[in-house]
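J.:
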Amino acid sequence: MSKIELNKRQEKILEIVKENGPITGEHIAERLHLTRATLRPDLAILTMAGYLEARPRVGYFFTGKTSNQLLSEKLNKLQVKDFQSIPVVVPDNVSVYDAICTMFLEDVGTLFVVDEQSLLVGVLSRKDLLRASIGKQELTSFPVNIIMTRMPNITVCRKDDYIMDVAKILIEKQIDALPIIRDTEQGYEVTGRITKTNMTNILVRLAENDML
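Each residue of the sequence shown is one higher than the one before, counting from 508 in our numbering.
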């Protein structure tokens, strides 16, 4: 992953703060022969990126953190709710044939199965549907509730969970997606999904500095 690309003025600001911190924005501006207003965007970028910290009535000081440390901190703060996708759900009485069609049309690798109350009761993967289609069953009359993974053997996550924790679960369980659920008195309501594709998009955005 690439590090944040700083311009020459931002690099100079870091040098000044390293050598003289804590130092006020006004004093940094004086050393660079610039106005405080001119420096404000640069100081904001360096502070938001984590290179500098600002304390009221004290000034700026250098955090001493490397780009890798800043990236790790950023990753550990990301939450599921900021990257979730729309879930694709099917009723528990739908046929395997219809489930295969839904998976193909929606271009997903996992379907979440719900009951009449729209509560999560199962999960269907590509492997589940492929395994069922290889047999001699009549797929149009073969319900998915026979082959789906059922509760309580379904791993779920919630919108406030951290992305890194979910990524570890996806790797450990060797699954493509997790349902994002909301707890109700009756059971789990599916509100979203988080997938390996979501994780890949996060890494690409980080590499392009779009989230730093």
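Note that beta-carbon positions come from the ideal geometry of N, C-alpha and C, so glycine has one too. Quick caveat: nothing in here was measured; it's all calculated off a predicted structure.
Is it right to say P548 is buried, meaning 16 or more other beta carbons lie within 10 angstroms of its own, or is it exposed?
T.: exposed
J.: Take the Cβ of M555 as the centre, count every other Cβ of all protein chains shown within 10 Å, and call the residue buried at 16 or more, exposed below.
T.: exposed
J.: What does the alpha-carbon distance come out to for the pair A561 and E518?
T.: 17 Å
J.: Just confirm the distance between the C-beta atoms of L685 and V697, as a whole number of angstroms; I'd bet it's less than 8 Å.
T.: Contact doesn't hold; Cβ gap of about 10 Å is too wide.
J.: Please state whether DSSP places M508 in a helix, a strand or coil.
T.: Reliability fails at M508, whose pLDDT of 38 lies under 50, so the model's placement of it is uncertain and no value is given.
J.: Use the C-beta contact count for P563: other C-beta atoms within 10 angstroms, 16 or more gives buried, fewer gives exposed.
T.: Label assigned to P563: exposed.
J.: Tell me the residue span of the alpha helix (DSSP H) that contains G532.
T.: G532 to L539
J.: Under a Cβ-count criterion, where at least 16 other Cβ atoms within 10 Å of its own Cβ denotes burial, should N514 be classed as buried or exposed?
T.: exposed
J.: Rounded to whole angstroms, how far is the Cβ of V587 from the Cβ of R689, which I believe are closer than 8 Å?
T.: V587 to R689, Cβ: 12 Å. No contact.
J.: Once DSSP output is grouped into helix, strand and coil, what is the label at I687?
T.: strand
J.: Looking at T617: is its Cβ nearer than 9 Å to the Cβ of S632?
T.: The answer is yes: Cβ separation under 9 Å.
J.: Would you kindly check if the distance between the Cβ of F590 and the Cβ of N705 is under 9 Å?
T.: yes
J.: Please report the Cβ distance between M658 and L627, rounded to the nearest whole angstrom; I am assuming they are in contact, meaning their Cβ atoms lie under 8 Å.
T.: Going by Cβ atoms, the distance from M658 to L627 rounds to 7 Å, so yes, they are a contact pair.
J.: For R543 and T570, what's the separation of their Cα atoms in angstroms?
T.: 21 Å
J.: Count the other CB atoms, across all protein chains shown, that sit within 10 Å of the CB of I678; report buried if there are 16 or more and exposed otherwise.
T.: With fewer than 16 other CB atoms across the displayed protein chains lying within 10 angstroms of its CB, I678 is exposed.
J.: Only counting runs of 3 or more residues, tell me where the beta strand (DSSP E) segments fall wholly within the stretch 579 to 663, in order along the chain.
T.: 596 to 598, 617 to 621 and 627 to 632
J.: Are L636 and I661 touching if we call contact CB-CB under 9 Å?
T.: no
J.: Go ahead and pull the three-state DSSP assignment for R516.
T.: helix
J.: Give the straight-line distance between the Cα atoms of Y567 and V711, rounded to the nearest whole angstrom.
T.: 31 Å
J.: Buried or exposed, going by whether 16 or more other CB atoms sit within 10 Å of the CB of E512?
T.: The residue is exposed, with fewer than 16 neighbouring Cβ atoms inside 10 Å.
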